[in-house]
Amino acid sequence: MDLSQYPLSEIAAKVGTPFYLYDAAILREKMADVAAATEGPALQARYAMKANSQRKVLEAAREAGLWIDAVSGNEVLRAGRAGFPLGAEPPAVLLTSDVFRDNALEVVLRHGVVPNVGSPGMIRALAEAGYRGDIEMRVNPGFGHGHVQACDTGGPSSKHGIWHEDLEPAIAMARAAGFRIAGLHAHVGTGPQIREFDENMAKLADVFGALLPLFPDAVSVNFGGGIPHAYRPGALHFELGHFRTFLLEAAAMLSGIAGHAVRVEIEPGRYPVAGMAILAARVTDVKATRANEKGPGNTFVMTDAGFNDLVRPAMYGSYHEISVVGAGTNRAPEPMVVAGPLCESGDVFTRDDQELLQPRPLGRPDPGDLVVLHDAGAYGAVMSSNYVSMGRAAQVLWENGRASLIARRETLDDIVRMECDEAL
Ligand SMILES: Cc1ncc(COP(=O)(O)O)c(C=O)c1O
C-alpha cells in the first residue's frame, strides 16, 4: 500500500494506536481478480473467511460473486449476516472443520449448510444427529506444504482430512448413513512459494483424477486455498491467468473421468486480503543492548503493537514489510529490531521461523513516529487477542478518500463481559 495516500497521523489521533487500516479499493480489486480467474460455470472461488471475517470483507467477497468456505458454526452465521444464502443449492457456504464444535452441527442441521467432513467421527456425528443431506469429503492426499512446518496441510504430519488410502470405509459409512457425497476436497498448502504451489496443484489434479471414480455423485472438486501472496519486496506475484488455464483443464479432465460436469472450486483466504491492510503502531522509544559473550547488541524500536495484535511473526516467523512514518522516514537505514509492549521476549516483529532476531534496515524513528506493518489483512485482526487485557485494535476502512471506523477498539468492559459467577 502506498502510505502517502492515507492520513495516518489523523486517523491515529482519532482512533488511537495500534490500528488496522483496510483499503477498500485494493480489497475489491483483489476479490474481482479472483472472481475473474474463476469466471464461468466450470469454476468457482470460495473466499476462506478464516483469513479475515470482517463484515466489509465478506460483503466485498459476496459482491464479487465469490462463495464462502467457513470453518466454524459462527463463521457460517457471520457469512449469513453478510448476505450469503445459507442452505442454497449449489452451496454458497461450505463448512470445512476438523471437529464439530459449539453450534457447528446445529448450524448444519438447521440451515442445511453442506459439511465438508475430514474424519469418520464427523460422519458418525452427523448420522447420530439425524442429518440426511449432502456432504463433501476432505482428503489428505499424502503431500502438502506450508510456509512453515506447523502449517503443513497434507501428508503424514497433517491432522486434516481422511487419509487417501482410507477413503473406502469412510465412503461406505457415509452411504450407509444415507449421505450423498457431492464433493471432494483437499487443501495442500498455505503460504508456499509459487513453484511449490503450482507443483502441488498439478499433483492434486492427478490424485483427484485417480480418486474420482470412488465418488460417482461428486459434482464439485475443491483444490483448497493457499494462493501465495508476495509479502517480501521484489517477490514474484502469482499469475492468476495461468492458474485459470490450469483450473479449466482440470475441470475438463475431471468431468471426463466422472462422465458428468464437475465444478472445480478453489478457496483462497490470504490472497484477496493480505495486501489490502496495514497495522499502524506508535513508536514509544528506541533503545539498545550491547554486545557481550552471548551475542551482538541490538537496537530496539519499541512500539505499542504486539503479538496480541499481529501474531504471525511470533507464531511462524512470518515476514511483514515495515515502514517508518515520521521523522525516521528519511534517515539512513540502520539495523533495527521492532518490538512490542508485551512482557514476552518473543514479542518481536522482526524474527525468523527459528525464533532468531532478524534486524531490519530502517530509518531510526523518533518516539511518536508511526511504524507500519504491511500486508496485515490476512490472519491479522482475526488472530488477535486481548492477552494481558489489552483490547483488540480498532479497524478502519479507507474508501473513496475517507476513513470510517468499522470495528472499534475493544474496551475493558468488553473484555470482562463474559465473566460471571453462576452455580452449575
Ligand atoms: C480448508 C482451508 N481452505 C482454505 C484455506 C485458506 O488458505 P490461504 O489463506 O492460505 O489461502 C485454509 C487455511 O488454512 C484452509 O484450512
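Adding 23 to a residue's 1-based position in the sequence shown gives its number in my numbering.
Every residue gets a Cβ at the ideal spot worked out from N, C-alpha and C, and that includes glycine.
If you're wondering where the values come from, they're calculated on a predicted model, not measured in any experiment.
Item	Value
Beta-carbon proximity of A350 to D327, cut-off 8 Å	no
Which of helix, strand or coil DSSP assigns to T119	strand
C-alpha distance - G212 paired with A401, whole-angstrom precision	15 Å
Under the three-state DSSP convention, the category Y294 falls into	helix
Near ligand 1: I250 beta-carbon under 7 Å from a heavy atom	yes
V348 vs L44 beta-carbon contact at 8 Å	no
For N315: DSSP bridge partner residues	G318
Any non-hydrogen atom of ligand 1 within 7 Å of D332 CB	no
Beta-bridge pairing of P138 - partner residues as DSSP gives them	L118
G178 Cβ short of 7 Å to ligand 1 heavy atom set	no
For D240, three-class secondary structure by DSSP	coil
Local conformation of K310 per DSSP, three classes	strand
Short CB-CB distance (under 8 Å) between D437 and chain C	Checking the listed chains, one finds no chain C in this structure; it contains a single protein chain.
Identity of the residue in E367, E98 and K310 nearest V130 by Cα	E98
Contact under 8 Å by Cβ, V361 with I301	no
Member of D308, G167, D46 and F42 whose CA lies at the smallest distance from the CA of M359	D308
Beta-bridge pairing of Y402 - partner residues as DSSP gives them	Beta-bridge pairing links Y402 to no other residue.
L378 (DSSP reduced to helix, strand or coil)	Per the sequence presented here, residue 378 reads as Glu, with Leu not at that position. DSSP places E378 in coil when its eight states are reduced to three.
Other residues of its chain near Y29: CB distance less than 7 Å, five sequence neighbours each side excluded	L44 and W421
Which residues DSSP lists as bridging D92, in chain order	A71 and L117
Neighbour-count burial assignment, P138, 16 or more Cβ in a 10 Å radius	buried
Near ligand 1: H343 beta-carbon under 7 Å from a heavy atom	no
Where T326 sits in the DSSP three-state scheme	strand
heavy atom of ligand 1 below 7 Å from H187 C-beta	no
Nearest-angstrom Cα separation, counted from A314 out to A83	50 Å
C-beta contact flag for R51 and S95 at 8 Å	no
Where P356 sits in the DSSP three-state scheme	strand
Beta-carbon contacts of A68 that lie in its chain and below 6 Å, excluding the five residues immediately before and after	V57, T61, L89 and I289
Run of the alpha helix (DSSP H) containing E456, from where it starts to where it stops	Within the shown structure, residues of the chain are numbered from 24 to 447, placing residue 456 beyond reach of any answer.
CB contact flag (L66, V287, <8 Å)	yes
Cβ shell of L235 (< 8 Å), same chain only, five flanking positions each side left out	L207, A241, V244, L277, I280, A281 and V285
Secondary structure of A300, DSSP reduced to three states	strand
Buried or exposed by the 16-neighbour rule on C-beta atoms within 10 Å, applied to E159	buried
N163 - containing beta strand (DSSP E), residue span	D157 to N163
Simplified DSSP state of N245, which is helix, strand or coil	strand
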